[in-house]
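A.B. asks:
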Amino acid sequence: MEAVLRWLCLLGLLFGQAPCHISEQRQRHSVWTSNYLRRSDQRLPRASSGWDGWGPWSPCSRSCGRGLETQIRLCLGRPPRRVGGLTRRCRGPSKRYRLCALQPCDGEASDVRQAQCSSFDNVPYGGQRYVWKAIVPEPEDCQLQCRPEGRGFKATLAKVVRDATPCSAGLDEGVCIGGTCKVLGCDRLVGSRQRADRCGVCGGNNSGCRTFSGILTHRELSEDYQVLVKIPAGATGIVVSARGNRLALRAVDDGRFIVNGNWTWDPAGVYPGAGTRFLYRREDSTGAHSLEARGPLHGDVLVMLAFRSPNPGVNYTYSLRQAGDWPASDGPAAVPGRFLRRSRDAPRWVPRESCSRSCGGGFRKLSLSCVRDGVTVPEDECAGLNKPRDSTAEPCNTQPCPGGGVYGAHWKATSDWTPCSVTCGEGFERRDVTCVDAKGGALRESACGTAGRPPAFRNCDRGPCGDQWNTGPWGKCSSECGKGLQKRHVTCGDGHRNSSCDPKLRPASEQVCDMPPCAATWLFSEWSQCSRRCVPGVQKRRLVCAAGPKSCDSLERPSSEQRCLEPCTASWYAGPWSQCSPRCGNGTRQREVLCVGQQGGRWTLVVPEGHCPAAERPASVKPCDAPCPPEWLTSSWSPCSSSCGGTGVQNRQAFCLDTAGRPSQECRGSSKPSVRRACGLQACPPPRQGDRACRDTKTRCPLVVQARLCSYPVFKEGCCESCRRANSTHGSLGVTP
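Numbers -20 to -1, 1 to 717, taken from mature numbering (1 follows the signal peptide of the UniProt record, and there is no 0), label the letters of the sequence shown in order.
This is the structure:
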């Protein structure tokens, strides 16, 4: 028996299994191995060739935390033959696996990857210990990649994760075996092509499904996330598509966004959530977006629209199991760890008042209740549905009346079926369905009602998918510290020349790896507390070169000091108001407003205004209006009575007036402005030659000029010079030169 076990261990090594120890495995495997060999000898004669039948399943490799059961078969008969340079006796695998022990181990994280990362918490890495967190790997990644808590790098702590660790294989569930991600069938067999139908029945034909579908045409929505429909727990075969606006998906249980949350647009890819995987596709050039999931959902999810532009329509479809069509408790139909929910009528808002018409489109006043299965239920069950406001007119009985109804409205398929959404396997086809009148003109959907509406979606099956891409384990990072590059082998199918895989789905063969910081790098402590409060201060930290004082690049040395401003307790203080400026009339008063901080228990420190609440800042300027007293106002000066010689006089008037322009007696006489002043102070030009006899012989010639008496001969002769000068300055005064 020991020789047989050694032969089986060698066979396991050839197919990628870990080495086995005969002494440890003898007791566990002796029973099923001997039973298998005994059964093989009984089934086929020695002259037979080809594969023997599958042996019994081995015990589970683990008692908890996901393990694998193994089956093997022997290749019997003729000696090996060479095919394409390879020695082959039988085609196909000699070993297959089945998932087992799905419950988590006591004291171990339910996340299998996290449990493996946590096992390295007490193992030094790069001379330090870290608390490791699992990283969601790239599709089909079967390396153990972890990230230390609070640090920016990631590390590959094991080249191969534990067998049976979940991995992503598109919408299919996968498990890692020997460092390669293998598709897991719904029968829990690794590599099986058995798939669940739309309702999650393993190998089913969709006969037990109830499908829900619709087109959500809410056109004008507020610019925010809008809940369009709630898909219940247990739903399968989920497909949602939109154009123009972006779809978002949110779990009801914890409120977490699965795709496109918080106005952040996720790239196309596979996103886990609500117990399943959602395949998100986006075509930025056309604005098309879609979400697909096989399900079943472990909880309700909300389909939302990140609304930015008018909604041309959102199509959705999902299925639920029909009541009474439950899988057997011990059969392979139900995937362990998942559940299905009994199908019921979907909740809906139901009006309490009757419709104004029995067909052809009527209206009713709404007073709404949430109803499921004919029973009023709490309104939160209708939370995912748009609720019209109470007491508004709601269309009703929109089905056509006999003979075509008022409008002759009816449903019509207005486009051909689109190509199948997949190139292999099961997918869907879509077409446009429009409500039209008798002449083919488009009507609103409410005019046609829901009866007789052709389906807008249908399933399509493009046959079994061809060869799949296989990936090897990631190689060693090209750098032992910092960033580097990892590579892996990517092959199609079993490597034969006639293998055909979709090049668009080819996994990446290279990726960036992020190792711990290099030895010759700067390490630094946390920043110290700010040296001052309320006012700008300084923070410091300690710098150390990990490889010695002279090994690090001084140009890359981080700063050891930075300015800081610690918040403090501060309040506004205001000084007294100044006098009105100007002293009378419309003016302003001002005062000083300061932000004062508390230092040493006393309010003594003036701090920047940012420490005080801006909304509570007192006013520093306000208007004022003080009455003005009466004052002296004057008219303009009169013309000078003489232009030269210092004998001229100017006069004006002075008035005491109040602010309203009324005469007043309250002006001080001492401040009254003068009403008379001398003028013409410059010297007069000398008389011209030949006029020596023309001079003033009288003493009051300025008065003669002022009184315009120069036209009289007696004054003209006695004041000849003054009259002539006045005549040349002011025009003719009746003086003849």
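Glycine included, each C-beta is placed from N, C-alpha and C at the ideal position.
It should be emphasised that the depicted structure is a prediction, and the values quoted were computed from it without experimental measurement.
(1) Around the Cβ of R173, are there at least 16 other Cβ atoms within 10 angstroms (buried) or fewer (exposed)?
(2) Is DSSP giving Y205 helix, strand or coil here?
(3) Is the beta carbon of T216 less than 9 angstroms from the beta carbon of S299?
(4) My assumption, with CB atoms under 8 angstroms, is that M284 sits in contact with L229. Please give the rounded CB distance.
(5) Tell me the rounded alpha-carbon separation between T501 and E460.
(6) Where does G304 sit, in a helix, a strand or coil, going by DSSP?
(7) Under 8 angstroms, with one C-beta from each stretch per pair, do the stretch 641 to 651 and the stretch 601 to 616 reach the 3-pair mark?
(8) Taking the beta carbon of R26 as the centre, do at least 16 other beta carbons fall within 10 Å, making it buried, or is it exposed?
(9) Can the beta-carbon of V629 be found closer than 9 angstroms to that of C620?
(10) What residues match up with M284 in a beta bridge as DSSP calls it?
(11) Only counting the same chain, and skipping five residues up and downstream in sequence, which positions put a Cβ closer than 8 angstroms to that of E263?
(12) Give the C-beta separation of Y231 and G279 to the nearest angstrom, bearing in mind that I take them to be a contact with Cβ-Cβ under 8 angstroms.
(13) Suppose you measure from the CA of E596 to the CA of G590; what does that come to, to the nearest Å?
(14) Within the stretch 70 to 126, note down every full alpha helix (DSSP H) run reaching 4 residues or more, in order along the chain.
(15) Under the three-state reduction of DSSP, which class applies to H269: helix, strand or coil?
(16) Cα separation between Y205 and G267?
(17) Have a look at G528, V524, R537 and L545 and flag the residue whose alpha-carbon is nearest the alpha-carbon of V518.
(18) What span of residues does the beta strand (DSSP E) with C472 cover, start to end?
(19) Touching or not, the stretch 42 to 53 and the stretch 139 to 148, by the rule of three or more beta carbon pairs under 8 angstroms?
(20) Would you say G698 and T677 are within 9 angstroms of each other, going by their C-beta atoms?
(21) Take C161 as the anchor and find which of T451, K463, P104 and V573 has the nearest alpha-carbon.
(22) Determine whether the beta carbon atoms of L208 and A286 lie at a separation below 9 angstroms.
(23) Going by Cα to Cα distance, which pick from R78, W31, G47 and C700 is closest to W37?
(24) Among the candidates C179, W557, N242 and G171, whose CA atom is the shortest distance from the CA of I218?
(25) What does the alpha-carbon distance come out to for the pair D177 and V250?
(26) Starting from the C-beta of P607, find all residues in its chain whose C-beta is less than 8 angstroms away, skip the five residues before and the five after it, and write them out in chain order.
(27) Is A431 helix, strand or coil when you go by DSSP?
(28) Please name the residue in E129, P73 and A673 whose C-alpha comes closest to that of Q94.
(29) Measure from the alpha carbon of S623 to the alpha carbon of each residue in P665, T549 and A418, then state which is nearest.
(30) Helix, strand or coil for H390? Go by DSSP, reduced to three states.
(31) Just the Cα atoms here: how many angstroms apart are P693 and C700?
(32) Can you tell me whether V155 is buried or exposed? The criterion is at least 16 other CB atoms within 10 Å of its CB, across all chains shown.
(33) Can you give the beta carbon distance from L137 to F100, rounded, assuming they're within the 8 angstroms contact cut?
(34) Where G224 and G194 are concerned, what is the direct C-alpha to C-alpha distance, given to the nearest angstrom?
(35) DSSP puts S221 in a beta bridge; with which residues?
(36) Roughly how many angstroms lie between the CA atoms of Q509 and K210, to the nearest whole one?
C.D. replies: Put simply:
(1) It counts as exposed.
(2) DSSP, read as helix, strand or coil, puts Y205 in strand.
(3) Taking 9 angstroms as the cut-off, the beta carbon of T216 is found closer than this to the beta carbon of S299.
(4) Indeed they touch by this definition, with Cβ atoms about 7 angstroms apart.
(5) Linking T501 to E460 through their CA atoms gives a straight-line distance of about 14 angstroms.
(6) Legend: pLDDT at G304 = 41, less than 50; position of this residue unreliable, value from coordinates given subsequently. In the three-state reduction of the DSSP assignment, G304 falls in the coil class, being assigned neither a helical nor a strand state.
(7) The stretch 641 to 651, when compared against the stretch 601 to 616, does touch it at the 8 angstroms Cβ threshold.
(8) Interpretation of R26 is limited by its pLDDT of 44, a score under 50 that renders its predicted location unreliable; no figure is taken from the coordinates.
(9) Yes. Within cutoff.
(10) Its beta-bridge partners are V207 and A228.
(11) Once the five neighbours on either side are set aside, the close Cβ partners of E263 are H269.
(12) The residue asked about is misnamed: residue 231 is Ala in this sequence, not Tyr. Yes, A231 and G279 are in contact; Cβ-Cβ is about 6 angstroms, under 8 angstroms.
(13) If you draw a straight line from the Cα of E596 to the Cα of G590, it is about 12 angstroms long.
(14) Whole alpha helix (DSSP H) segments, 4+ residues: 92 to 98.
(15) H269 falls in the strand class under three-state DSSP.
(16) Those two C-alpha atoms are separated by around 17 angstroms.
(17) Restricting attention to G528, V524, R537 and L545, the CA atom closest to the CA of V518 is found in L545.
(18) Residues V470 to C472.
(19) Counting Cβ pairs under 8 angstroms, three or more are found: they touch.
(20) A Cβ-Cβ contact shorter than 9 angstroms links G698 with T677.
(21) If we check each option's Cα against that of C161, T451 comes out closest.
(22) One thing to note: L208 has its Cβ no nearer than 9 angstroms to the Cβ of A286.
(23) The shortest Cα separation from W37 among R78, W31, G47 and C700 belongs to R78.
(24) Looking at the Cα atoms, C179 is the closest of the given residues.
(25) For the pair D177 and V250, the Cα-to-Cα distance works out to about 20 angstroms.
(26) Once the five neighbours on either side are set aside, the close Cβ partners of P607 are C564 and T639.
(27) In the three-state DSSP reduction, A431 falls in the coil class, being neither helix nor strand.
(28) Among E129, P73 and A673, the Cα nearest to that of Q94 belongs to E129.
(29) Ranked by Cα distance from S623, the first of P665, T549 and A418 is P665.
(30) In the structure shown, H390 sits in a strand (DSSP, three-state: E or B).
(31) Each residue's Cα considered, the two are about 10 angstroms apart.
(32) V155 should be labelled buried.
(33) The C-beta separation of L137 from F100 comes to about 5 angstroms, placing the pair in contact by the 8 angstroms criterion.
(34) Computed Cα separation, rounded: 18 angstroms.
(35) Its beta-bridge partners are S270 and N295.
(36) In a straight line, the C-alpha of Q509 is about 50 angstroms away from that of K210.
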